[in-house]
Amino acid sequence: MAELMYREALNQALAEEMERDANVFLIGEEVGRYQGAFKVSQGLLDKFGSARIIDAPISELGFTGLGVGAAMVGLRPVVEMMTWNFAILAMDQIVNNAAKLRHMSGGQLRCPIVFRGPGGAGGRLSSQHSQALESTYAHFPGLKVIAPATPADAKGLLKAAIRDDNPVVMFEGERLYAIKGEVPEGEHVIPLGKADVKREGKDVTLITWSRMYYFCEEAAKQLESEGISVEILDLRTLRPLDEEAILASVRKTNRAVIVEEGWPLAGVGAQVVDIIQSKAFDDLDAPVVRVTGLDVNMSYAANLENAIQPDAPKIIAAVKKVLYREGA
Amino acid sequence: MATPIQMPSLSPTMKEGKIVKWLKKEGDKVSSGEAIAECETDKSNLEIEAYDDGILLKILVAEGEMATVGAPIAMLGEKGEKAEAPKAEKKAETPKAEPKKAEAPKAEPKKDEKKPESAPAASGGGEGIAIAMPSMSPTMTEGKIVKWLKKEGDKISSGEAIAEVETDKSNLEVEAYDDGVLARIVVKEGETAKVGAPIAYLAGKGGAKPAPAAESKAPAESKSAAPKPAAAATEAPKAKEPVSTPGGRLRVSPLARRIAQEKGLDLSRIQGSGPLGRIVKRDVESARAEAPKAAAASKPTAAAAAPGTRPEPKSVPVSTMRKVISQRMAEVKPGVPHFYLSVDVEMDAALKIREEAKAVESKVSVNDIIVKASAMALRRYPKMNVALNGDAILHFESVDVGIAVAIEDGLITPIIRDADKKGLSAISAEARDLAERARKRALKPAEYTGGSLTVSNLGMYGIDSFIAVINPPQAAILAVGSVADKVVVRDGQMVIRKVMTVTLSGDHRVIDGAIGAEYLRELRALLEHPMRLLF
Numbered sequence: 001m002a003e004l005m006y007r008e009a010l011n012q013a014l015a016e017e018m019e020r021d022a023n024v025f026l027i028g029e030e031v032g033r034y035q036g037a038f039k040v041s042q043g044l045l046d047k048f049g050s051a052r053i054i055d056a057p058i059s060e061l062g063f064t065g066l067g068v069g070a071a072m073v074g075l076r077p078v079v080e081m082m083t084w085n086f087a088i089l090a091m092d093q094i095v096n097n098a099a100k101l102r103h104m105s106g107g108q109l110r111c112p113i114v115f116r117g118p119g120g121a122g123g124r125l126s127s128q129h130s131q132a133l134e135s136t137y138a139h140f141p142g143l144k145v146i147a148p149a150t151p152a153d154a155k156g157l158l159k160a161a162i163r164d165d166n167p168v169v170m171f172e173g174e175r176l177y178a179i180k181g182e183v184p185e186g187e188h189v190i191p192l193g194k195a196d197v198k199r200e201g202k203d204v205t206l207i208t209w210s211r212m213y214y215f216c217e218e219a220a221k222q223l224e225s226e227g228i229s230v231e232i233l234d235l236r237t238l239r240p241l242d243e244e245a246i247l248a249s250v251r252k253t254n255r256a257v258i259v260e261e262g263w264p265l266a267g268v269g270a271q272v273v274d275i276i277q278s279k280a281f282d283d284l285d286a287p288v289v290r291v292t293g294l295d296v297n298m299s300y301a302a303n304l305e306n307a308i309q310p311d312a313p314k315i316i317a318a319v320k321k322v323l324y325r326e327g328a
Numbered sequence: 329m330a331t332p333i334q335m336p337s338l339s340p341t342m343k344e345g346k347i348v349k350w351l352k353k354e355g356d357k358v359s360s361g362e363a364i365a366e367c368e369t370d371k372s373n374l375e376i377e378a379y380d381d382g383i384l385l386k387i388l389v390a391e392g393e394m395a396t397v398g399a400p401i402a403m404l405g406e407k408g409e410k411a412e413a414p415k416a417e418k419k420a421e422t423p424k425a426e427p428k429k430a431e432a433p434k435a436e437p438k439k440d441e442k443k444p445e446s447a448p449a450a451s452g453g454g455e456g457i458a459i460a461m462p463s464m465s466p467t468m469t470e471g472k473i474v475k476w477l478k479k480e481g482d483k484i485s486s487g488e489a490i491a492e493v494e495t496d497k498s499n500l501e502v503e504a505y506d507d508g509v510l511a512r513i514v515v516k517e518g519e520t521a522k523v524g525a526p527i528a529y530l531a532g533k534g535g536a537k538p539a540p541a542a543e544s545k546a547p548a549e550s551k552s553a554a555p556k557p558a559a560a561a562t563e564a565p566k567a568k569e570p571v572s573t574p575g576g577r578l579r580v581s582p583l584a585r586r587i588a589q590e591k592g593l594d595l596s597r598i599q600g601s602g603p604l605g606r607i608v609k610r611d612v613e614s615a616r617a618e619a620p621k622a623a624a625a626s627k628p629t630a631a632a633a634a635p636g637t638r639p640e641p642k643s644v645p646v647s648t649m650r651k652v653i654s655q656r657m658a659e660v661k662p663g664v665p666h667f668y669l670s671v672d673v674e675m676d677a678a679l680k681i682r683e684e685a686k687a688v689e690s691k692v693s694v695n696d697i698i699v700k701a702s703a704m705a706l707r708r709y710p711k712m713n714v715a716l717n718g719d720a721i722l723h724f725e726s727v728d729v730g731i732a733v734a735i736e737d738g739l740i741t742p743i744i745r746d747a748d749k750k751g752l753s754a755i756s757a758e759a760r761d762l763a764e765r766a767r768k769r770a771l772k773p774a775e776y777t778g779g780s781l782t783v784s785n786l787g788m789y790g791i792d793s794f795i796a797v798i799n800p801p802q803a804a805i806l807a808v809g810s811v812a813d814k815v816v817v818r819d820g821q822m823v824i825r826k827v828m829t830v831t832l833s834g835d836h837r838v839i840d841g842a843i844g845a846e847y848l849r850e851l852r853a854l855l856e857h858p859m860r861l862l863f
């Protein structure tokens with residue numbers, strides 16, 4: 001299996017799907033000539049031409065609307081947001097149109113569109129460029145929301161998203177583009193809505209997604225050395241949530257910590273807690289604990305930027321808390 | 329007609345507010361939106377605004393006094409009107425004025441939005457005014473309606489007693505703050521309501537009944553302290569589940585509870601290793617191994633003891649007073665680090681005083697002498713006359729001694745103020761009066777709050793010595809045992825003396841052992857040489 005960077009895995013998925021289906025096209029700022037702000041679309045302009053790799057002006061609402069219209073008439077657009085922070089300008093198209101077209105047309109219209117781009121904090125970009133907005137989109141019925149952590153998942157989920165007949169919102173970790181991992185070649189499609197047990201364990205379940213998965217791994221390794229066996233469940237899809245996988249893991253370990261980059265209030269993690277407490281209450285040996293970003297705007301200063309986000313020490317402390325271990 | 333101005337909720341956590349300053353005086357004209365008083369909340373000092381035009385007829389809460397949110401603090405009305413509002417007939421005669429008067433309640437739902445727990449006051453034009461459960465003692469969080477003195481449809485005048493309420497301390501009367509007709513009783517006799525929750529609705533002008541919407545809300549806020557027989561019967565099987573221990577709430581994780589149920593383990597016999605003693609899976613699992621043995625051992629005895637089955641225990645709802653006692657004791661015992669000092673006191677001389685008092689037909693008990701001596705010792709050791717209040721230590725100016733009085737369903741500690749300055753007969757008379765009224769639950773809050781130290785005497789039950797739990801927020805308590813003949817050694821000779829053991833429980837956060845020891849030494853000296861009580 002080839003070892004690819006996260007961005008290369010996405011590139012591969014895009015290329016393969018565009019080859020497979022002539023209706024697929026990519027639109028966004030700097031996706032063509034500049035080869036992508038984060039180089040996800042590198043080489044695609046040469047391969048597919050400017051009719052399918054479309055450089056859009058700085059006009060998120062406009063080109064997102066174009067994508068939604070194209071999807072309505074049978075094409076399968078992939079709309080790249082330079083970052084999800086800018087997609088807030090296009091919320092009306094995503095939320096009011098894409099998410100609701102099927103419902104409002106009584107099922108007559110489909111909207112097979114993917115909105116994708118980087119999210120999350122890192123690199124001292126301060127508050128307007130450092131938001132983990134997954135829960136915002138996960139809130140809306142009509143949208144599917146995915147957030148892969150590994151290159152393999154990035155490829156498999158993007159392929160599934162492009163093939164889905166519904167609008168899919170894909171969060172890519174801005175800090176994940178350069179990480180490497182083995183990626184299956186060719187037809188590698190991961191069904192939407194399926195979580196993945198990334199690490200088997202028996203004492204506690206860490207439930208997470210996207211970049212936070214790596215902090216969980218770091219924490220799990222250290223906890224393992226202290227004799228604590230940690231299971232890591234990577235949700236991968238945030239809407240629909242894989243309730244079955246969440247409950248199965250919690251029933252196995254009886255304890256859960258949810259690690260989420262975004263803010264605590266109304267976060268996806270809060271929904272996961274609700275699933276656990278309402279459906280696996282009798283399997284809990286301790287209250288579920290959440291590790292989230294702090295409830296503040298992201299700082300510019302690097303030390304504060306780190307302090308605001310979850311990290312391995314915070315996760316370790318949370319695990320010890322649910323295990324009633326000392327030092328928590 | 330006069331309408332009440334209520335203490336508004338000025339912060340999300342505000343439960344009561346103190347009137348710092350009245351910006352208007354009785355008789356002053358007040359316009360809607362005008363600040364009428366300055367109020368200290370739990371957060372800051374803010375101004376209270378009037379929601380209506382009128383004349384400030386009467387100030388109900390004086391400067392420096394507290395009022396719970398929703399409680400009337402003043403009466404607003406028209407010029408020349410009495411605070412006690414015109415008679416009901418008059419209201420009926422002047423229907424035109426009604427909509428205008430109804431405007432005041434209209435503004436009030438605003439306040440209620442901020443604080444849904446408080447009484448919804450008047451919920452709309454003329455629908456009715458909520459009568460809220462008042463706060464009648466500093467520790468009162470809820471009250472039980474013992475008896476309604478008025479029935480639905482009765483006319484009520486402001487200031488009239490409408491119900492008798494059992495608080496955690498005593499039975500008191502709830503007064504109406506407005507005239508009108510008692511439209512609907514929400515909390516029935518025997519039921520409990522939280523402070524601030526509506527217990528009844530007073531019909532607005534013309535006796536209109538409150539809206540049905542309020543009807544469905546109100547009962548939800550009050551909870552029944554005395555479940556109906558039917559409910560008790562259905563809940564009875566639950567009692568089998570060991571959900572609580574005599575010492576308090578049993579903490580069990582849901583998983584541990586499930587495993588224990590499956591395995592038939594008695595949770596109350598399992599020691600929890602989680603936070604606050606929570607029983608978790610590992611505790612149940614380790615207990616599981618021992619279970620079969622225990623079950624095997626207990627079976628024969630159970631079979632022998634019971635030809636029939638054991639009758640279901642009678643479940644009696646906890647009284648309000650007992651609930652508060654249990655809460656406070658559960659808080660103070662683990663929360664306040666106690667230390668204990670005991671001393672034997674020879675009481676021969678003190679008993680002689682009692683005899684002499686009898687001779688002059690003055691009834692002085694041993695306890696009265698102890699109260700006096702403990703107060704004088706406190707005066708001499710002011711480091712004992714303290715209490716911890718957050719980050720500060722309160723040093724009391726006066727010496728106020730509490731006396732623990734056992735009453736039917738609990739105990740209460742009325743206070744003898746300035747006990748160091750009072751003579752024995754005064755203490756004796758006061759103690760008897762307080763104890764008697766305590767048993768009738770007729771004490772006023774001021775009579776049982778704010779003591780320096782409590783004297784708890786179980787001597788009359790023949791208890792030699794015991795250790796008492798501090799009565800918070802006080803910092804010390806004296807546990808007094810019985811006076812009994814004991815052999816003591818004096819100058820190498822065995823002699824018989826009347827000996828009494830006194831044990832001091834001290835709050836070690838504010839009192840140290842040496843201070844406590846000095847205090848006890850002084851107390852002993854005073855009791856053994858009661859002549860000193862005169863100096």
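Chains as they are written, first to last, in our numbering: chain A, 1 to 328; chain B, 329 to 863. Ideal Cβ positions, reconstructed from N, Cα and C, are used throughout, including at glycine.
Note to self: Judging by CA-CA distance, which residue of A:Pro167, A:Gly123, A:Met81 is the nearest neighbour of Tyr300 (chain A)?
What the structure shows: Closest by C-alpha distance to Tyr300 (chain A), out of A:Pro167, A:Gly123, A:Met81, is A:Gly123.
Next item on the list: Indicate whether at least one CB of chain B lies closer than 8 angstroms to the CB of Ala286 (chain A).
Entry: At least one chain B Cβ lies under 8 angstroms of Ala286 (chain A).
Margin query: Contact defined as beta carbons within less than 8 angstroms: I believe Val40 (chain A) pairs with Asn11 (chain A). What is the distance between those atoms, to the nearest angstrom?
Written below: Contact flag correct, Cβ pair sits at about 6 angstroms.
Margin query: At the level of alpha carbons, what is the spacing between Ala561 (chain B) and Ile490 (chain B)?
Written below: Residue placement at Ala561 (chain B) cannot be trusted, given a pLDDT of 36 that sits under 50; what the coordinates show is reported in the next sentence. Each residue's alpha carbon lies about 33 angstroms from the other.
Note to self: So, for Val664 (chain B): in the same chain, excluding its five sequence neighbours on each side, which residues have a beta-carbon less than 6 angstroms away from its beta-carbon?
What the structure shows: Non-local beta-carbon contacts of Val664 (chain B) in its own chain, meaning distances under 6 angstroms to residues more than five positions away in sequence, involve Ile798, Asp835 in chain order.
Next item on the list: Go ahead and label Tyr789 (chain B) buried or exposed: buried means 16 or more other beta carbons lie within 10 angstroms of its beta carbon, across all protein chains shown.
Entry: Its Cβ having fewer than 16 others within 10 Å, Tyr789 (chain B) is exposed.
Checklist line | Where the beta strand (DSSP E) containing His836 (chain B) begins and where it ends | finding: His836 (chain B): not part of any beta strand (DSSP E); DSSP gives it neither H nor E.
Margin query: At the level of alpha carbons, what is the spacing between Asn306 (chain A) and Phe86 (chain A)?
Written below: Going from the Cα of Asn306 (chain A) to the Cα of Phe86 (chain A) covers about 23 angstroms.
Item checked: Same chain, Cβ closer than 7 angstroms to Pro184 (chain A), five either side skipped, listed in chain order -> Here the set comprises Met1, Ala152.
Next item on the list: Step through the CB atoms of chain B and report whether any lies within less than 8 angstroms of the CB of Phe281 (chain A).
Entry: Residue-level contact check: Phe281 (chain A) touches chain B, since one or more beta carbons of chain B fall below 8 angstroms from its beta carbon.
Next item on the list: Report yes or no: do the region 86 to 98 of chain A and the region 41 to 56 of chain A share at least 3 C-beta pairs separated by less than 8 angstroms?
Entry: No, because fewer than three Cβ pairs between the region 86 to 98 of chain A and the region 41 to 56 of chain A fall closer than 8 angstroms, the two stretches do not touch.
Next item on the list: Name the residue from A:Met72, A:Val319, A:Pro77 whose alpha carbon lies nearest to the alpha carbon of Leu109 (chain A).
Entry: The shortest C-alpha to C-alpha distance from Leu109 (chain A) to any of A:Met72, A:Val319, A:Pro77 is the one to A:Met72.
Checklist line | Gln93 (chain A) beta carbon less than 8 angstroms from that of Thr64 (chain A) | finding: For Thr64 (chain A) and Gln93 (chain A), yes; Cβs fall inside 8 angstroms.
Note to self: Given this structure, state the Cα-to-Cα distance separating Val754 (chain B) from Ala796 (chain B), to the nearest angstrom.
What the structure shows: The sequence given here has Ala at residue 754 (chain B), not Val. If you draw a straight line from the Cα of Ala754 (chain B) to the Cα of Ala796 (chain B), it comes to about 26 angstroms.
Notebook entry, point to check: Distance, Cα to Cα, Cys367 (chain B) vs Pro287 (chain A)?
Noted result: So the two alpha carbons sit approximately 40 angstroms from each other.
Notebook entry, point to check: Within the chosen definition, does the region 252 to 264 of chain A reach the region 161 to 170 of chain A through at least 3 CB pairs nearer than 8 angstroms?
Noted result: No: the two stretches stay apart, fewer than three of their Cβ pairs being nearer than 8 angstroms.
Next item on the list: Using beta-carbon positions only, say whether Val673 (chain B) and Arg682 (chain B) come within less than 8 angstroms of one another.
Entry: At least 8 angstroms separates the beta-carbon of Val673 (chain B) from that of Arg682 (chain B).
Item checked: Host beta strand (DSSP E) of Gly405 (chain B) (start-end) -> First-last of the beta strand (DSSP E) with Gly405 (chain B): 400 to 405.
Item checked: Neighbourhood of His857 (chain B) by C-beta distance below 7 angstroms, restricted to the same chain and skipping five residues each side -> Within the same chain, Ala677 come within 7 angstroms of His857 (chain B) by CB-CB distance, once the 5 residues on both sides are set aside.
Notebook entry, point to check: Using a C-beta to C-beta distance shorter than 8 angstroms, which residues of chain A count as neighbours of Ser614 (chain B)?
Noted result: Correct list: empty, because the minimum Cβ distance to chain A is about 14 angstroms.
Check: Secondary structure at Lys349 (chain B), three-state DSSP: helix, strand or coil?
Finding: It is a strand residue.
Notebook entry, point to check: Under a three-way DSSP split, which group does Ala147 (chain A) fall into?
Noted result: It is coil, neither helix nor strand.
Check: What residues in the region 577 to 597 of chain B have a beta carbon less than 8 angstroms from any beta carbon of chain A?
Finding: The region 577 to 597 of chain B vs chain A, Cβ under 8 angstroms: Ser581, Pro582, Leu583, Ala584, Arg585, Arg586.
Notebook entry, point to check: What residues in its chain sit with their C-beta under 6 angstroms from that of Met464 (chain B), if we drop five residues either side in the sequence?
Noted result: Annotation for Met464 (chain B): Thr495, Leu500 place their beta carbon closer than 6 angstroms to its own, counting only its chain and skipping 5 residues before and after.
Notebook entry, point to check: Secondary structure at Asp283 (chain A), three-state DSSP: helix, strand or coil?
Noted result: Helix, per DSSP.
Next item on the list: At 9 angstroms on the CB atoms, spell out the chain A contacts of Gly602 (chain B), in chain order.
Entry: Within chain A, the residues whose beta carbon sits less than 9 angstroms from that of Gly602 (chain B) are Asp285, Ala286, Tyr324, listed in sequence order.
Next item on the list: Keeping to the same chain, check which residues put their C-beta closer than 6 angstroms to that of Glu172 (chain A); ignore five residues upstream and five downstream.
Entry: Closer than 6 angstroms at Cβ, skipping near neighbours: Pro118.
Notebook entry, point to check: Which word fits Gly600 (chain B), buried or exposed, when buried means at least 16 other C-beta atoms lie within 10 angstroms of its C-beta?
Noted result: Burial of Gly600 (chain B) is indicated by the presence of at least 16 other C-beta atoms within 10 angstroms of its C-beta.
Margin query: Helix, strand or coil for Ile311 (chain B)? Go by DSSP, reduced to three states.
Written below: Limits of chain B in this structure are 329 at one end and 863 at the other, which puts residue 311 (chain B) out of reach.
Checklist line | Any chain A beta carbon closer than 8 angstroms to Lys443 (chain B) | finding: Interpretation of Lys443 (chain B) is limited by its pLDDT of 39, a score under 50 that renders its predicted location unreliable; no figure is taken from the coordinates.
Checklist line | Cutoff 6 angstroms; reference Val671 (chain B); Cβ partners in own chain excluding five residues on either side | finding: Excluding positions up to five away in sequence, the list reads Val830, Leu848, Arg852.
Checklist line | Contacts that Asn254 (chain A) makes with chain D (C-beta to C-beta distance below 7 angstroms) | finding: Absent here is chain D; the protein component of the structure consists of chains A and B.
Item checked: Contact test: Asp285 (chain A) Cβ vs the ligand HEM heavy atom, cutoff 7 angstroms -> In the structure on display, the ligand HEM does not appear, and there are no ligands present to speak of.
Check: So Val344 (chain B) and Ala395 (chain B) are in contact, right, with Cβ under 8 angstroms, and what is the actual spacing, rounded?
Finding: Position check: residue 344 (chain B) holds Glu in this sequence, whereas Val was assumed. Indeed, because the Cβ distance is near 6 angstroms, the residues count as touching under 8 angstroms.
Next item on the list: Take the Cβ of Gln821 (chain B) as the centre, count every other Cβ of all protein chains shown within 10 Å, and call the residue buried at 16 or more, exposed below.
Entry: An exposed status is given to Gln821 (chain B), since fewer than 16 other beta-carbon atoms sit within 10 Å of its beta-carbon.
Next item on the list: Please specify which runs of the alpha helix (DSSP H), each continuous and at least 4 residues long, are wholly inside the region 751 to 835 of chain B, giving them in chain order.
Entry: As far as the region 751 to 835 of chain B is concerned, its whole alpha helix (DSSP H) runs of at least 4 residues are 752 to 767.
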